[in-house]
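Remarks on the structure that follows.
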């Protein structure tokens, strides 16, 4: 079970770092999937960079938790909270705002998988 947790944290951490970095360093390109980006304000770009940076930092902590056993339990709970939150609030968005595009639905599916795997690993964990 411990190897499964470490692999989960490694992949989850890498995923959050990759997505967060993409959003942080290329917010215009990220937003172009959803809106016309010709009139993006510094406010919107700053908001996206902040969100992306936060995802990257949490992803880095989760990734480190896959190697440092002292951080594994915290990293696992953090990963579950992050992926579950994205999943739950995207579902709320579907109910309130309607169906998003396929890219968002793919992200929703990935978040559901990571949340479900994390919860399963948490319930069956054997950590020091």
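Numbering (the numbering used here), first residue to last: -14 to 113. Heads up, the beta-carbon is just placed ideally off N, CA and C, and yes, glycines get one too.
*Can you tell me whether residue 90 is buried or exposed, with buried defined as 16 or more other CB within 10 angstroms of its CB?*
The residue you call residue 90 lines up with position 105 of the chain shown. Only exposed fits residue 90, as fewer than 16 other CB atoms lie within 10 angstroms of its CB.
*So, is residue 74 buried or exposed, given that buried needs 16 or more other C-beta atoms within 10 angstroms?*
For the purposes of this step, residue 74 is taken as the residue at position 89 of the chain shown. Classification of residue 74: exposed, given that the 10 Å Cβ count is below 16.
_Contact under 9 Å by Cβ, residue 40 with residue 1_ = As a first step, residue 40 is located in the chain shown; it is residue number 55 there, counting from the start. As a first step, residue 1 is located in the chain shown; it is residue number 16 there, counting from the start. Going by C-beta atoms, residue 40 is nearer than 9 Å to residue 1.
*By DSSP, does residue 10 sit in helix, in strand, or in coil?*
In the chain shown, counting from the first residue as 1, residue 10 sits at position 25. Reduced to three states, the DSSP call for residue 10 is helix.
*Do residue -3 and residue 15 come within 9 Å of each other at the CB atom, strictly closer than that value?*
The residue labelled residue 15 in the question sits at position 30 within the chain shown. The residue labelled residue -3 in the question sits at position 12 within the chain shown. Contact annotation: residue 15 and residue -3 have beta-carbon atoms that are not nearer than 9 Å.
_Per-residue DSSP class, three states only, for residue 74_ = For the purposes of this step, residue 74 is identified with residue 89 of the chain shown, where counting begins at 1. In the structure shown, residue 74 falls within a helical segment according to DSSP collapsed to helix, strand and coil.
*State yes or no: is the C-beta of residue 45 within less than 9 Å of the C-beta of residue -6?*
The count along the chain shown starts at 1 and reaches residue 45 at position 60. The count along the chain shown starts at 1 and reaches residue -6 at position 9. Taking 9 Å as the Cβ cut-off, residue 45 and residue -6 do not qualify as a contacting pair.
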